[in-house]
Each structure stands twice: as C-alpha cells, then as structure tokens.
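Read the structure below first, then the notes.
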Amino acid sequence: MKLNNINIILADDDPDDRMLFNDAINDIAIATNLSMYPNGQELMDYLLSDDVILPEIIFLDLNMPIKDGMECLKEIRKTKGLEHLCVAIYSTSSSEEDIENTFVNGANIYINKPNSYKKLKVALKRVLQMNWQYHTSSLNMNNFLLRL
Amino acid sequence: MKMNVQYDYTLLCKTVLENVLDRYGLSYNLISTGEITITSQLTPEQQSELEQTLKAYGITILKNTQDILVQRIKDAITELLHDHTKNRTYNVSTYLAETLNYSYSHLSAVFSESTHTSIENFVILRKSDVAKQLIIEDQLTLTEIAFKLNYSSVAHLSAQFKKTTGLTPSQFKRIIKKRKTQTIRS
Amino acid sequence: MPVKKLAKASKFFIVTLLLALSLLLFISYKGYHQVNQLKTAANLVSHTLKVENEINNLFSHYADIESTIYKSFLEQGRLNPKLLEAPKLKAKKSFNLLNQLTQDNPLQQKNLKQVRNHQKALYKYIDTLSTANDYKDKFTILAIHTSALEDLKTELLNEENELLMLRQKNYLSFGFFTPLMLLSLSIFFFIVFILSFWYFNRQRKATQRTNTFLEGILFNSADIISFFTPVYNAHHDIIDFTFKFTNKSIENVLGEPPEIFKNKRISEVLPVNFENGVFDEMALAAKEQEPREFKTLFTYKGKNTWLRTKVMPLKDGVLTSSIDVTLQEKNKVEQKKLTKRLEKQNLELLDNRAFLGNIFKSVSEIIINLECIRKNDGRIIDFKILFINDAITRLTGHIASEIIGKHLAALYPSIREKAVFSQLIACVKDEELIDFEDHYDIDGKLYYFKFTATKLNDGVTVTTREITQEKLRALELANLNLELEIQNSIFNEAETLAKVGSYHIETESGNFNCSNNFFNMLGYAPLDAEQTIDTYKTLIHPEDITSYALHIKDIFNGDSPEPFIYRAKTRKGQTKYLKTSGHFEAGLMKNVFIGVVQDVTEEIMAEQKLRYKNLDLEHSNAELESFNRVASHDLQEPMRKIQLFISRISDAEVETLSEHGQMYFGKIRTAANRMQNLIKYLLSYARLNKTENDFTQVDINTVIRTVIADYEESISEHDINLDIGKMPTVTGITFQLEQLFANLISNSIKYRREDVVSKIAISSERISRAKLDDSFVKKHNTYVRISFSDNGIGFDNAHAKKIFDMFERLHQRQNYSGTGIGLAICKKIVLNHNGHIKAEGKKGQGSTFYIYLPA
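Top line first, the protein sequences correspond to chains A, B and C. Under this note's numbering, read the first sequence as residues 3 to 150, first letter to last. Under this note's numbering, read the second sequence as residues 30 to 215, first letter to last. Under this note's numbering, read the third sequence as residues 564 to 1418, first letter to last.
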C-alpha cells in the first residue's frame, strides 16, 4: 500500500472496545500493526522499555484504572524520546472543558468513541490519513490537532 | 528564560542540506526547493550513506518520478499559499498547471494515486496548517488571516477550519495558549 | 607773621646793605683812583728819573764819544770812526729812547731837538775830525760842541729836575692821601663787616629761635604738617610732589616715622593720594598759588582716617597741614544717626498717641477716668469725669468731649441708686481692683455691664464692658445643658434598648469615658467595676485580645480603625459577640475617638447557622451533581456498547434474523437510541454549572455562527431560511450559550412544518428593566432580549410555561422525537446567566422564544 506498516497502540481498559477497535483497524485498507494495553501503566512500561518500537499513533482511553489516560498523556509529553509521539485521546463523551484540557495537555487528536462501528471505521481512517499527510508533507506536527 | 522563536522551514532545510552535502565534500547546485544537482560522482554505497544521513534529519531523497512530481505539486501549493498576490489572481488548478507544465487532470491523478487524497483536500489541509501557524503567531486577526488565505470571509475560514480540525479557530487558539502557559508552569 | 617780619627785616637790611655796598664801591673806586694816581705819580717820578737817567746816558755816551775821540787821537793820533760806532749807536739808542720818553713833554722835545741838532753838528764835526789833523783846534771845537751838549744836558736835566720835583711833590701828596684813604676804607669795610655780622648773627639767632619755635610747634602739633615740592613733567604740569618735610604727627596717622617719607615722592609712598583727590588739591594749590582746604578719607595700610587738610603754596612748593578729624567724622555720623533715631522716636510717639487715641475711640468698652468730689467732711458725693472715651456715645448718646469735666451723678442721676456708685466709692476707699456686674434699663431694653475699677490718685479709672450678649448666652447655655441632660438620659435608654454601648477616648490624655450600657451589655452595672479600658480588656475572649489590643493601639495612634468583631464574656459567663466601630473627631483642644459597641451575638449566630446550612446545601448539591455526572457517564458506557453492538449486528447479522426478530431488533434499536439521547441530555444538563470564573465576554454573533455551522447539513438539507440580526455581546459562558442556541435551532428544525419553507429569525434589542414584566427577578438595570422565532408547528400558548419543565413533552413520542430535556437545559442555561426565557406559541403557525440576558 502507500505506507509501510503503521504501528498503532491502543490503551483501553474495556475489552469490548478493544475488540471493536481491532476489528475496525483491520477492516481499514491500511497496513497496520496494532498492540493493545489494558491500562496506562502497562502502556508506559512498554513505551519506556528498551526494545520499544515507537508507534506512529497512540490511542488513549481516558478512564483507565491504575493509570488513566491523562496521566499517560502528561507522562508521554514529559519523557524524552516520547514527546513527539502522536497521541489520540479515544474516550467516551466528556465536557467541552475536558476535551479542551486533553488538547492543552498535549493530545493531538480527540476522538469521541462513536456508537457505531461504521463511524468508528470512518474516524480511524481519517485519523490515519491525516497523520500520514502530516508526516509526509512537512506540516507542523505541533499544530496537528484534530477533533472528531 | 522563555524565548519565542519562529522558524523559516525552507531556510532550515536548505541549511541542513547544504551542511550535509558539504560534510561529504560534494559539489552541488540547489536549483529550487526540493531539487538539487550533484556534480560530483557518487558510488551506490555513498549514495545510500547520504540517504541515511539525510533521513536522520527527516530529509528523504525521492526516487520515484511520481514521488518527485507529487512533491513538486506540494511545494508549488505551499508556495502559492504563502504568496498572497499570487493566490488572489490564480486558482490552484491553473497555477499548478502553468507552473509544472502538466495538465491539471494529470497532476490530479498522479497526486491522488500517490497520496490517496485529492489536491483540493491537500490544499485545504495546507491552508489549515498555515492558518494554524498564523493563529499561533497572533500577529494578525482572523479577518486578516482569512484575507491572506483567500477565504471569502472569516466565516468561511472558520467553517473550513472546523471541518478540517474539528475545532474552531478560537478554540484552537485558546488551546495553544493554554498549552504555553502550561509548559511555563511545568 | 614772623615770616613777614623776617621778610621785612630782610628788605630793610638789604637796602642798607646795598647802600653800604655802593658806598663801599664808591670809596673803593676813590681809593683805587688814588692809588692809580699815586702810581701815575710814581710812574712820572720814575719816568722823570728814567729820563734823567737817559739824559745822563746820552750825554755819557756823548762823553764817551768825546773820550773815544780823545782816546783815539791819543793812541793813534787819528780818529778811528769805527771806534765811534758803538757809542754812536748807543747814543742813538739812548736818544731814541729819550725821545720816546719825552714824547709828552714838548719842552723837552724842543730841547731834544736842539740836542739832536747839536748832535748832528757834533757828528758832523767828528766826521771832519777824521780827516783833520789839527788837534788842538779840533779839540777846542769839539769841546765847544760838547759843552753845548753839556748845556743842553743841563737844560734837559734841569727841566727834568723841575719836572721831578713837581712830580715828587705830587707823589708825596698822593703818598699821603692814598694810604689814608685805604686805611679809612678798610676801617669802613671792617665796620660794615662787623655790623653785617652782628646783624646777620642777630637775624640768625632770631631765625633759629623761630625755627626752634616752629620745630617745637611742628613737633608738638597734632596736625600733620608737610612740605612738598612739585615734580614737573615735560609740559610743565605738576605730576607729583616730593616730600621735603613732614612732622612726627604723620606717624600717628600712617604709622611710619617721618624720616621714611623724606625726599620720597607721593607716588612712591602715598599713592592713595592720587585717588582721594589730595594730589589734585595740592597741584591746584601749587598751580594757582592759592591756599585750599578740603577734607578726605585717607586709607593707608588698612587704616581709615578722615583728615582735614589745608594746602598752602609756599615758595617753590606747597605746605600741607592735616588734622585727623576721624573722630569728628564718626561723631558726626553718630550724631546724624541719633538725630534720625530721635526723629523716628518722635514720629513713633506721635503715632502712638494717635493710635492710643484711636484705641480709645474704637474700643467698645467705655473707659472713664474719674476724680472724687468730696464734701467738706471727706465723704465722696460725686465723681468728676476727667476723661471718657467715645464709646459712651453709643450707650447714652453723649459726646465724650462734651461731658468731660462734668459730674457723673449730675449727668446720670440714676447711678446713685445702682451698685456701681457704691462700688466706685469702695474702690477708692479700699484701694483694691474691683470687678462687678450690673444691669441697666436703657430705652426699654435690658443691658448687662461688667465694670472694672482701679484707684488712680484721688479717683478711679473704670473700664465698662457691655456683656448683654454674653449674659444672654450664658442663660442659653444653662438651658441647653438641661436639654442635654434630658437627652442623655433618653440616649441611655435607647442604648439599652438597642443593645448598644458607646464610649469615647481622648487619645492624648488617654481618658476613657463610656456610656452606662457599655458595661451593662455584659451584665455589669455601671458601678460594679471600674470603667476603664483595662478592666474591659479582662472581659474579652483570650483569642481576640491581640486584635483588640491592636484596635486600641490604632485608636491611640490616631488611625481610624476598621470596625471589627470580638468576643467578650458576660458576668454570667456567656460569650457575646460585640462589634465595635468608630471614628475620630478632631476637636479644638484634643482628638477624641468616638466608638460604638453593638451586641451582634444574635446576628453572628444566625450567620453561622446560615453558613452551616449553606455548606450543607453545597455539599448536597455537589453530591447531587457528581451523582448526576457519574450516573450519566456510567450510564453512557453501557449505552454506547449497546449502540455499538446494535450497529454491528445491523451491519452484518440482521439479515439472518426472522421478520419478527428484525422488527423486535428495530424496536430495541429505537429504544436504545432514545435512551442514548436522554442520557446525553441528562449529562449535558448535569454539567451546567455556573462557575464565576468561566464568565467572559461572549459575542452572540459568533455563538450563533458556530451553532449554525454545526447544523449546516440539516439546515441546507431542509432548506431552512435563516434571518439573523445583529447580536450583542454579553457576559456569559461560551459553551453554555452555544448549547442554548443549539437546542433552540435543533428544536426549530425538528418541529418544522413540511408544507412551507421553514424560516428561523433571530433578532435582539436592548430593554430597560422597567419595561420588563414581573415574571422574573430582575437584578440588573438593562437587559438584551434575543427573539428566536420559527414558523414551525408552534404550540398552545397555554403550555408556555410548562414546556420548560424537565421531561415535558407536548407531542407523542412517535411523531416527534425529543427527550423533553432540551428546553429544560435552555432554561437552566439562561438562569445561570441571571436571565430569563419565555416562550410564545401559536399552534400551527410557529413559536417564539424570548431570551433575556443582562446587558
């Protein structure tokens, strides 16, 4: 396809969400490598490990036990080597302020967990495409903000 | 100490490119953004080494003619967007066709095949990107930005911006501002 | 003037001397003449002798010749003429000489002529002799010749002898007179000399005496006497003077001994004289040969001296005499000063007099000087007015000058009956200063007076002051005091009622005064405890003592402290809350802090209760809210899942169901959707908090634009016409206002009519508070009213209020989807913004919503 395998990570505590996400990703005609983690702690463990393969995008659920999405986001943005990663918050509906807050804390994308499989696919596709555009067209990654 | 800087990307890339090429002791000519002629001879090993070094800086050598053309289209678009006088009088299609000497339909087909998105989409994306930059710089009002990017009105700009990013320009501005104060505090 | 005398004497002497001199000359001349004559006589005598001598000589020569001849003949027998040459020559010489000598004697000349003739003859003969030989005859002739010559010689000699005798006689006479003359001359000389000498000596002595006298004067004189000779330049102008003499007194003024100045020029030693005019005066005196007198200030080596100088031309120079008049000058200045002062004092005295007179005139008090009028037995029966000032006129109408000299009681008979009279008498008797008051009825009005009397000689000086006003005021004051007392007691009552106590502190002295209730409030009767700040402090709650102390300190510093609340303990041990406030009154003499203390225990208690209640409420509210949020959120999750899986099935599996199954599935879907919506709205409703910080200036135009952009698809899909007017900017929360309009627009779209072109109109206007009806609580003065109207299906206006209630729906579920929460949310948002929302509907035509927001 147009790109090499995009590495994607999802951190979400809900197994159903994980399953659906997986299905949706696989259904999109883009070559991807998906790894999933049930909570923030495991995600960070992986990201901070020595043999980490840095993903192109990280999808973060906000409400997770042990370490929630916001914490991870902040940590990622503070850690050297991880600060440039593209982070998408993937969460159930929150207030406008909360959404804004995620952007303020460094999230690039905010995806409201859609309630239909189709919408999920569309959203993910859009995200991947946008991400790729940014990477290939020397657009300013810092300004990459997307809200779906 | 807090410092705000602005980068001139073109100059930045050019300088990096020149530095690397100089480091290899190559004689070369920079024709335009994205086009260089290297007069010295390079072995394939040297070539791949050069490629690797450049990659570290995020500079990719385009092999594919298609890729090259696509890049040129992208560059042309960027240039057009930055030049206010031009983007008033021209529209994208005619500009590209004239500048690159291909028919617009051909350019369009090549672009779509390569990037899986249309030139129009890319233009919108690029415009949004420029708008974002200008909003962050905070030197111009939204009206001025709209004017600069050849939108018919602020509403038009806001609408397209929202469509592309999901945020209104003011939301975007607010977020960026808050991000900045956040980093100061931390 | 001795100088003149000296001069006179000189003249006389000179004349005499001249006479003497001329006499001397005359006599000398005479003597000289005599001597000359003598000389001449002597000369003549000698001349005669010489002639005689010469005659003798000549004739000797002749004799010589003769003899020579004889000799010659004798010896040689002939005559050698050569032998005669020498004697001839000699005779010739002698003859010439004789001739010469007798030039002046004609007789002798005659004789000589004869001699000559004879001589000639002789010589002739002689000549003949030389040739002749006859001696005897020759010799006889020769002897005749020679005897002739002898005769002639004798003639000559006789003549000469006569002459000689004459001359000798002459000479002798002269010889007699001349020495005599000389002698007398010398004697005369001698006498004159002696006389002159004596005279000179006398004069010299006199001069010397005068000199010494003069020197003495000069020496003793206090004046500086100097003599100068002028120094001339090329143009014969006087450019300088040379000190020729100066006396000792110069030392007093200049400090230098006179010797220093001798022969020095003024320009060298006293250059100051060129500046102070002295030189000019001297030069002028010298030039015009007139004495001059002037006075100058002389500055030499720092010393200032006034000198009055007289300059007098004297001979070839000028004589100056200077008197040190410094002291006089000083005295003059002093005198001038004194005179001026005296004048000034005189003027002052006059002024004072005038001033005093004016005082007397202007003073409002009546000043009277009285003299006692006594009866024979010494009793005082009346007083004579010696002096009274004009003030009396105001009182009685009398003119002061007219009543002076009159008797007091005669003028004012009523005075005898007054205390005044006896007081005056007492004053004279007791010799004490008396002060008393009295009142008079003048022209129907009552006047009060105050008298002060002192004894003066045999009388009194009285100062009378009208004190009517003062007296009246004093009476007023007494009245006021009474009123004040009454008021005070009322005040005290009031304080007790109001549970208020008051106090005042004089900050300088520290005096503390409080009202009765001050301590009463704490259950202490006024006399129970000493009423000072310190005792009060003991009643204050220990925790508040510090701030109370600060409060007091501020008061004493002069700062007006803020009112503050503190606790104090009552007598019974209860704790009361007291609030104190006050301010400074800057009085004439002192600064006083006036404070009020109020028992605010009840209020504080009530406040506390309220606060607790509020806290409770807040807590329960917060709980409720979080419950809401959590509930909504937690409800959302399963809901979403349901939706998701419904969609999955719907996409992939639904076809595998039976028809019934599909229908049921459809119903599940619908129900799920509804629930989803409900939850969504509930959540957003729950989220509507009003936090002060979120309020910003929101431009409604932007809000509406954003909302319309969101609904763009629907709007264009259903061809809805939008008419949006200019919107104001209000203070609010952007999110919520967006939600508000979103809900309204969504409703309008939802409840549109299918048969017409849907229209939505939004407009705004400003409304003042007065024009609003009483349906809502108005806190602000001006509101903006945004009118949102559509031409949808409308509603029955009877339900206008109900539609804002939660879950109220006016339609069947099937016909119109809707949660019934939308408008409730709108209402909550508007209330959050301190505004109001109102609805108006016309069934089948449309609805209008009025949103009131504070401007």
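Every residue gets a Cβ at the ideal spot worked out from N, C-alpha and C, and that includes glycine.
{"Query": "Alpha-carbon spacing of V45 of chain B relative to D96 of chain B, whole angstroms", "Result": "21 Å"}
{"Query": "Beta-carbon spacing of H1146 of chain C, R1130 of chain C below 7 Å", "Result": "no"}
{"Query": "Secondary structure, beta strand (DSSP E): runs of 3+ residues fully inside the region 728-814 of chain C", "Result": "787-795, 801-809"}
{"Query": "Every unbroken alpha helix (DSSP H) inside the region 42-112 of chain A [4 residues or more]", "Result": "42-50, 71-80, 98-106"}
{"Query": "Close Cβ partners of F105 of chain A (< 7 Å) along its chain, the five nearest in sequence each way excluded", "Result": "Y112, L147"}
{"Query": "Rounded Cβ spacing between I788 of chain C and Y795 of chain C (contact assumed at less than 8 Å)", "Result": "Actually they do not touch by this definition, with Cβ atoms about 24 Å apart."}
{"Query": "Of the listed residues C:T665, C:L847, C:I704, C:L781, nearest to L727 of chain C (C-alpha basis)", "Result": "C:T665"}
{"Query": "Beta-carbon gap between L621 of chain C and A649 of chain C smaller than 7 Å", "Result": "no"}
{"Query": "Contacts of T197 of chain B in chain C (Cβ-Cβ under 7 Å)", "Result": "T1269"}
{"Query": "Residue of C:A1234, C:T959, C:G1022, C:G594 minimising C-alpha distance to Q986 of chain C", "Result": "C:G1022"}
{"Query": "Where the beta strand (DSSP E) through S1410 of chain C begins and ends", "Result": "1409-1417"}
{"Query": "CA nearest to the CA of F753 of chain C, picked from C:G1355, C:G968, C:L584", "Result": "C:L584"}
{"Query": "Limits of the unbroken beta strand (DSSP E) element including S1352 of chain C", "Result": "1345-1353"}
{"Query": "Selected residue, minimal CA-CA separation from D1353 of chain C, among C:H610, C:S1326, C:H1362, C:A1333", "Result": "C:S1326"}
{"Query": "Limits of the alpha helix (DSSP H) - the one that R855 of chain C falls within", "Result": "Element bounds for R855 of chain C: not the alpha helix (DSSP H) but the beta strand (DSSP E), 855-863."}
{"Query": "Within chain A, partners of Q200 of chain B - CB distance below 8 Å", "Result": "E102"}
{"Query": "Rounded separation between R937 of chain C and F946 of chain C - CA only", "Result": "8 Å"}
{"Query": "Residue of C:N783, C:S1210, C:I1108, C:L1141 minimising C-alpha distance to K121 of chain A", "Result": "C:S1210"}
{"Query": "Partner residues on chain C for A85 of chain B, Cβ-Cβ distance less than 9 Å", "Result": "Correct list: empty, because the minimum Cβ distance to chain C is about 43 Å."}
{"Query": "K207 of chain B versus T94 of chain A: straight-line alpha-carbon distance, rounded", "Result": "23 Å"}
{"Query": "One or two residues paired with A1131 of chain C in a DSSP bridge", "Result": "C:I1103, C:K1139"}
{"Query": "Reduced DSSP secondary structure (H/G/I, E/B, other) of M21 of chain A", "Result": "helix"}
{"Query": "Cβ of I102 of chain B within 7 Å of any chain A Cβ", "Result": "no"}
{"Query": "Sequence-distant residues of the same chain with beta carbon closer than 6 Å to I1167 of chain C, five excluded per side", "Result": "Y1140"}
{"Query": "I8 of chain A - DSSP class collapsed to helix/strand/coil", "Result": "strand"}
{"Query": "Sub-7 Å separation of E1071 of chain C and V1155 of chain C beta-carbons", "Result": "no"}
{"Query": "The region 701-712 of chain C / the region 669-683 of chain C touching (three or more Cβ pairs under 8 Å)", "Result": "yes"}
{"Query": "Under 7 Å by beta carbon: chain D residues contacting H111 of chain B", "Result": "Note that chain D does not occur in the displayed structure, where the protein chains are A, B and C."}
{"Query": "Counted within 10 angstroms of its Cβ, other Cβ atoms place Q1137 of chain C as buried (16 or more) or exposed", "Result": "exposed"}
{"Query": "Host beta strand (DSSP E) of T1399 of chain C (start-end)", "Result": "Per the sequence presented here, residue 1399 of chain C reads as His, with Thr not at that position. Segment 1399-1405, the beta strand (DSSP E) holding H1399 of chain C."}
{"Query": "Status (buried if at least 16 other CB within 10 Å, exposed otherwise) for M21 of chain A", "Result": "exposed"}
{"Query": "Where S118 of chain A meets chain C, residues with beta-carbon distance less than 9 Å", "Result": "Q1206, L1207, I1209, S1210, R1211, S1213, D1214"}
{"Query": "R957 of chain C: first and last residue of the uninterrupted alpha helix (DSSP H) it sits in", "Result": "954-959"}
{"Query": "DSSP bridge partner residues for S1327 of chain C (one or two, in chain order)", "Result": "C:I1349"}
{"Query": "Proximity below 7 Å, CB of N9 of chain A to CB of I55 of chain A", "Result": "yes"}
{"Query": "Reduced DSSP category for R203 of chain B - H, G, I as helix; E, B as strand; rest coil", "Result": "helix"}
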